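Novice: Just so you know, the sequences run in chain order E and G. Mapped onto the numbering used here, the consecutive letters of the first sequence carry residue numbers 128 to 422. Mapped onto the numbering used here, the consecutive letters of the second sequence carry residue numbers 25 to 428. The beta-carbon is built from N, C-alpha and C at its ideal position, and this holds for glycine as well. Nothing here was measured: the structure is a model prediction, and the numbers come from that model. Take a look at the following structure, please.
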Amino acid sequence: MSMILGVPAAVLFGQLLLGIINGAFYALLSLGLAVIFGLLKIINFAHGAMYMLGAMVTVIMFDAMGINYWVALVLAPLVVGCFGVLLEYFLLRRITGQDHIYSLLLTFGVALMIQGILTNIFGVSGMRYSMPEIFQGGFKLDFMFLPYYRAWVIFMALLVCFGTWFMIEKTKLGSYLRAGTEDAQLMQGFGINVPLLISLTYGFGVMIAAFAGVLAAPIYSVNPVMGSNILIVVFAVVVIGGMGSIAGAIITGLLMGVIEGFTKVFYPEFSSAVIFLVMVVVLLIRPSGLFGKEA
Amino acid sequence: MTIMKKLLTTAIASAMMVGSAQADISDNTVKIGYLADMSGTYRDLAGPNGLKALEMAIADFGGKVNGAKIEVVSADDRNNPDSSSSTVRRWLENENVDLVAGMVASSVTIAVTKLLEENDGLGIVSGSAASSITNEHCTPNHIHYVYDTYPLANGTAKAVVQEGGKEWFILTADYAFGHALEGDVSRVVEENGGKVIKTARHPFPTSDFSSYILQAQSSGADVVALANAGSDTTNAITTAGEFGLTQSGQTLAALLLFLTDVHALGVNSAQGIQLTTGWYWDMNEEARKWADRFMEETGVRPTMVHAGIYSSTMQYLNAVKATGSDDTQTVRKQMMDTPINDMFATNGRIREDGRMVHDMYLAQVKTPEESENEWDLYKIVRTIPGDEAYRPLSESKCSLVTKN
Numbered sequence: 128m129s130m131i132l133g134v135p136a137a138v139l140f141g142q143l144l145l146g147i148i149n150g151a152f153y154a155l156l157s158l159g160l161a162v163i164f165g166l167l168k169i170i171n172f173a174h175g176a177m178y179m180l181g182a183m184v185t186v187i188m189f190d191a192m193g194i195n196y197w198v199a200l201v202l203a204p205l206v207v208g209c210f211g212v213l214l215e216y217f218l219l220r221r222i223t224g225q226d227h228i229y230s231l232l233l234t235f236g237v238a239l240m241i242q243g244i245l246t247n248i249f250g251v252s253g254m255r256y257s258m259p260e261i262f263q264g265g266f267k268l269d270f271m272f273l274p275y276y277r278a279w280v281i282f283m284a285l286l287v288c289f290g291t292w293f294m295i296e297k298t299k300l301g302s303y304l305r306a307g308t309e310d311a312q313l314m315q316g317f318g319i320n321v322p323l324l325i326s327l328t329y330g331f332g333v334m335i336a337a338f339a340g341v342l343a344a345p346i347y348s349v350n351p352v353m354g355s356n357i358l359i360v361v362f363a364v365v366v367i368g369g370m371g372s373i374a375g376a377i378i379t380g381l382l383m384g385v386i387e388g389f390t391k392v393f394y395p396e397f398s399s400a401v402i403f404l405v406m407v408v409v410l411l412i413r414p415s416g417l418f419g420k421e422a
Numbered sequence: 025m026t027i028m029k030k031l032l033t034t035a036i037a038s039a040m041m042v043g044s045a046q047a048d049i050s051d052n053t054v055k056i057g058y059l060a061d062m063s064g065t066y067r068d069l070a071g072p073n074g075l076k077a078l079e080m081a082i083a084d085f086g087g088k089v090n091g092a093k094i095e096v097v098s099a100d101d102r103n104n105p106d107s108s109s110s111t112v113r114r115w116l117e118n119e120n121v122d123l124v125a126g127m128v129a130s131s132v133t134i135a136v137t138k139l140l141e142e143n144d145g146l147g148i149v150s151g152s153a154a155s156s157i158t159n160e161h162c163t164p165n166h167i168h169y170v171y172d173t174y175p176l177a178n179g180t181a182k183a184v185v186q187e188g189g190k191e192w193f194i195l196t197a198d199y200a201f202g203h204a205l206e207g208d209v210s211r212v213v214e215e216n217g218g219k220v221i222k223t224a225r226h227p228f229p230t231s232d233f234s235s236y237i238l239q240a241q242s243s244g245a246d247v248v249a250l251a252n253a254g255s256d257t258t259n260a261i262t263t264a265g266e267f268g269l270t271q272s273g274q275t276l277a278a279l280l281l282f283l284t285d286v287h288a289l290g291v292n293s294a295q296g297i298q299l300t301t302g303w304y305w306d307m308n309e310e311a312r313k314w315a316d317r318f319m320e321e322t323g324v325r326p327t328m329v330h331a332g333i334y335s336s337t338m339q340y341l342n343a344v345k346a347t348g349s350d351d352t353q354t355v356r357k358q359m360m361d362t363p364i365n366d367m368f369a370t371n372g373r374i375r376e377d378g379r380m381v382h383d384m385y386l387a388q389v390k391t392p393e394e395s396e397n398e399w400d401l402y403k404i405v406r407t408i409p410g411d412e413a414y415r416p417l418s419e420s421k422c423s424l425v426t427k428n
């Protein structure tokens, strides 16, 4: 077997693939953040909580009403998305135009409250959720065993990422959105309901996070603190990609998953820090991020 | 006349004794500070329910010992040694806390015990695992009550090596507890003719273990051992199942599993896993009776940590009662002199290094067919006598032992 830096090449192929899978999660989560920041200029610290809510709602709906995975894949993001719309309407709207720090603090406070309430009710040990029958087993590749479900995660994540990018950058609805956030008054003048557009955009960003939560439910421990661990990493991804850049968030998410994956082989102790090291280096060289437009 | 004199002296003497007993309990209050993870990864194994267990013990004393009021304060350690140190410093220096109980993350405990030694306070550690707490980090000011990494290794690792698992891959949580467990396991594996071929240290906490599971699979080891705890362990077990680790002939050994972890995994995912525990709620009549009381209070079954908190608080309060004092060294000596026989331990005893030595149990998670309800999770495979389970004093690096 050929070796690369003392590690069998086959192991590295496996890690590359796993890195892409983890990167797909980062991409999904940072995509939602980038949409919300890029269009609404809100720093959404509640994003991790929304991801967690997506997973928790999936498990709770299954336990209480027997709602299966496939239905949850659509229904849970909708439920959490509606919650996001309410949050925007009742709270975030009131601080429009203020400094970014206000939205950061407000969403962070909301996240802590959601997390605290659910911790009191459900504890932190995690809730059981079993993998749908159809995903039992996996592909036996030359270099690793790839569970069907992980393949499904890559497929769905890339589909949603591409769809979102396409909708915002290439469709008429997307152009309204971008225009509405550039110059709300002018758009109002054209007869477009900008406040509604903004509520829906926030709801949409939250939906993507919740969707990532549903994808995570069968493979990760579902508990009220699962979002707080991943949030900081995802923020680093967005900063590296360039705040607000949608394509940047997707590409950087995948890239960081791969870099982190390789670090886990060569120097696992450093794997939680490597993304932040990359962030420091990128900010020193390109302060607006890899794909950022503003100087 | 002589009778009068005798009576008088007796009366004066007894009055003095009563007086001195009261004077020996500082500000006529026994104050207990409960420090534990109340909101993070280790919340369920100790956390708010541990505080309930502590309060159950106080309630059994009627809220008073020798006429002195028993008070409780509590704080969230947030798994953070720095913020926990400032809390405990405040407790000891400004709030006259006599006993610090709970204590979960080993890194927090090691920081707190140093403060206890500086201020001559007393600590009873129920949640932490690192065996170094009563070895190189021992102090005359704390007791380690429930379990530690030494018997975890001695129980589970020994059993697995003897069943033929010779080559080991150890996946370790990268902090004090993980390192201690990795060290203890490596020693047991090698003493029993096995070999550790690779270790990987993962950051605490980690949610995605697929990368490590893949490394474990390609290492060719017979046994993949998890030297971590809480959601790290449950995540790793779930991922191992997903990637077919055991189907390909490797054995998965979880070195520290709490009842709450197994409950979260469910018997379908966890069946057959061997583990070492200091106590199990269904292990005998006395344990069951106390577990029923606990369930009435909390709605869940207690972990070994919950039971240990109750038992150790009872031992502490009994020692205060017997000596009429809340002075640290007086109470600690009384606790060392009193064998522990209760719902938690049989013939338990506290050694000079602060280690409470009691029987440990090798358990196996039941199959879905065997398990009758959601908390019916373990069968006890073997009782490991305390002296065999814990590090013998002859191997101790504790300064309290070596200077004698």
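Can you find a CB in chain E that lies within less than 8 Å of the CB of PRO392 (chain G)?
Specialist: It does not; no Cβ of chain E falls within 8 Å.
Novice: Would you mind reading off the limits of the beta strand (DSSP E) that contains SER98 (chain G)?
Specialist: Note, SER98 (chain G): beta strand (DSSP E), 92-100.
Novice: Which whole runs of the beta strand (DSSP E) in the region 269-294 of chain E are 3 residues long or more, in chain order?
Specialist: The region 269-294 of chain E contains these whole beta strand (DSSP E) runs: 272-274.
Novice: Check each candidate in G:ARG225, G:LYS357, G:ASP51 and name the one with the smallest Cα separation from ASP198 (chain G).
Specialist: The residue with the shortest Cα to Cα distance from ASP198 (chain G) is G:ARG225.
Novice: At the 8 Å Cβ level, is ARG67 (chain G) part of the contact set with chain E, yes or no?
Specialist: Yes - at least one Cβ of chain E is within 8 Å of the one on ARG67 (chain G).
Novice: Report the partner residues of GLY302 (chain G) according to the DSSP bridge assignment.
Specialist: Note: GLY302 (chain G) sits in no beta bridge, so no partner.
Novice: What is the C-beta distance between LEU401 (chain G) and VAL286 (chain G), in whole angstroms, given that I count them as a contact (C-beta under 8 Å)?
Specialist: Indeed, because the Cβ distance is near 5 Å, the residues count as touching under 8 Å.
Novice: Measuring only the C-alpha atoms, how far is ALA45 (chain G) from ASP350 (chain G)?
Specialist: Bear in mind that a pLDDT of 45 at ALA45 (chain G), under 50, signals an unreliable position, so the number given afterwards is only what the model happens to contain. So the two alpha carbons sit approximately 10 Å from each other.
Novice: Within 8 Å (strictly less), CB to CB, does PRO204 (chain E) reach chain G?
Specialist: PRO204 (chain E) does not count as touching chain G.
Novice: Would you check if the distance between the CB atom of PRO259 (chain E) and the CB atom of TYR196 (chain E) is smaller than 8 Å?
Specialist: Yes, they are a contact pair.
Novice: Taking C-alpha atoms, which residue in G:GLY290, G:VAL220, G:TYR414 lies nearest to VAL381 (chain G)?
Specialist: The residue with the shortest Cα to Cα distance from VAL381 (chain G) is G:TYR414.
Novice: From this set, G:ASN159, G:SER242, G:THR322, G:GLY332, which residue's C-alpha is nearest ALA311 (chain G)'s C-alpha?
Specialist: Closest option to ALA311 (chain G), Cα to Cα, is G:GLY332.
Novice: For a cutoff of 8 Å on Cβ pairs, would you count SER63 (chain G) as touching chain E?
Specialist: So, interface residue.
Novice: What does a CB cutoff of less than 7 Å around VAL389 (chain G) pick up in its chain, not counting 5 residues either side in sequence?
Specialist: VAL286, VAL291, ALA294, GLN295, GLY296, ILE297, LEU401, TYR402.
Novice: Is it buried or exposed for ASP122 (chain G), if we count other Cβ within 10 angstroms and need 16 for buried?
Specialist: Result: buried.
Novice: Looking at the unbroken alpha helix (DSSP H) that takes in LEU229 (chain E), where does it start and where does it end?
Specialist: Rather than Leu, the amino acid found at residue 229 (chain E) in this sequence is Tyr. Here the alpha helix (DSSP H) through TYR229 (chain E) covers 227-249.
Novice: Enumerate in chain order the residues of its own chain whose CB-to-CB distance from ALA422 (chain E) is below 7 Å, with the five nearest sequence positions on each side excluded.
Specialist: Confidence in ALA422 (chain E) is poor, its pLDDT being 42 and thus under 50, which makes the residue's placement unreliable; the coordinate value appears in the next sentence. Same-chain partners within the cutoff: SER415.
Novice: The beta strand (DSSP E) that contains LEU17 (chain G), what's its start and end?
Specialist: The requested residue 17 (chain G) is not part of the displayed model; chain G covers only 25 to 428.
Novice: Of all the residues that make up the region 392-418 of chain E, which are near chain G by a beta-carbon distance shorter than 7 Å?
Specialist: Cβ contacts with chain G come from VAL392, PRO395, GLU396, SER398, SER399.
Novice: Any Cβ of chain G within less than 8 Å of the Cβ of GLY141 (chain E)?
Specialist: For GLY141 (chain E), the answer is yes, since a Cβ of chain G falls inside 8 Å of its Cβ.
Novice: In chain order, what residues of the same chain have a beta carbon less than 6 Å from the beta carbon of ILE82 (chain G), not counting five sequence neighbours either side?
Specialist: Cβ neighbours of ILE82 (chain G) beyond the five flanking positions: ILE94.
Novice: Could you give the C-beta distance for GLY253 (chain E) and ASN350 (chain E), rounded to a whole number, given that I count them as a contact under 8 Å?
Specialist: At roughly 4 Å, the Cβ-Cβ gap stays under 8 Å, so GLY253 (chain E) and ASN350 (chain E) are in contact.
Novice: To which residues does DSSP link ILE194 (chain G) through a beta bridge?
Specialist: BP columns for ILE194 (chain G) point to G:THR223, G:ALA249.
Novice: Helix or strand or just coil, what does DSSP make of TYR329 (chain E)?
Specialist: Correct three-state label for TYR329 (chain E): helix.
Novice: Taking the C-alpha atoms as reference points, what is the distance between VAL405 (chain E) and LEU139 (chain E)?
Specialist: Cα-Cα distance, rounded: 21 Å.
Novice: Of all the residues that make up the region 212-231 of chain G, which are near chain E by a beta-carbon distance shorter than 7 Å?
Specialist: The residues in question are ALA224, ARG225, HIS226, PRO227, PRO229, SER231.
Novice: Taking contact to mean 3 or more Cβ pairs, one atom from each stretch, closer than 8 Å, check whether the region 366-386 of chain G and the region 297-307 of chain G are in contact.
Specialist: At 8 Å Cβ cutoff, the stretches touch.
Novice: Measure from the C-beta of ALA288 (chain G) to each C-beta in chain E and report whether the shortest distance is under 8 Å.
Specialist: Cβ-Cβ to chain E under 8 Å: yes for ALA288 (chain G).
Novice: Just to confirm, are PHE172 (chain E) and LEU231 (chain E) a CB contact at a threshold of 8 Å?
Specialist: It is a contact, given that the beta carbons lie within the stated cut-off.
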